[in-house]
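For what it's worth, this note's numbering labels the leading residue of the sequence shown as 1055, then goes sequentially.
Following: one structure in structure tokens, then a few remarks.
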Amino acid sequence: MPKGYWVARVDVADAERYKDYVAANAVAFAKYGARFLVRGGRFENPEGGSRSRNVVIEFPSYQTALDCWNSPEYQRALAIRAPISTGDVIIVEGYDGPQPA
């Protein structure tokens, strides 16, 4: 079964209050087996638009990624983040097929 991923791009307006969001989202992420693959860090933007912060979170399955987003635990965290940031988030199913040779 393919894994699921959150791919997020976020501009944070209040870095101090964002720390409260990070503390709150840890509850949901632990419950749903989330694993950060990208959490900020340097980046180049060779095409299209960007935001200041990029995050990729891996989940055991696509359904688990959806369940985490819809959970009361994450929705509480999101209520903290929403007023202090602007973001784009997609939830996508991973790929288990053939790779280039």
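Positions of the beta carbon are idealized from the N, C-alpha and C atoms, including for glycine.
For R1096, there is no enclosing beta strand (DSSP E), as DSSP marks it with neither H nor E. Residue R1063 holds the alpha-carbon nearest to the alpha-carbon of G1102 among A1119, D1068, R1063. Note that the C-beta distance between G1148 and Y1116 is below 9 Å. DSSP, reduced to helix, strand and coil, places Y1116 within a helical segment of the structure shown. Membership of R1063 in the beta strand (DSSP E) is indicated by the continuous run 1058 to 1066. Distances from the alpha-carbon of R1093 to those of P1100, R1130, W1060 put W1060 closest. Counted as a single uninterrupted DSSP element, the stretch harbouring I1145 is not any alpha helix (DSSP H) but the beta strand (DSSP E) occupying residues 1139 to 1147. Residue pairing by DSSP puts R1107 in a beta bridge opposite V1064. A buried status is given to S1139, since no fewer than 16 other beta-carbon atoms sit within 10 Å of its beta-carbon. For G1151, the number of other beta carbons within 10 angstroms of its own is below 16, and it is reported as exposed.
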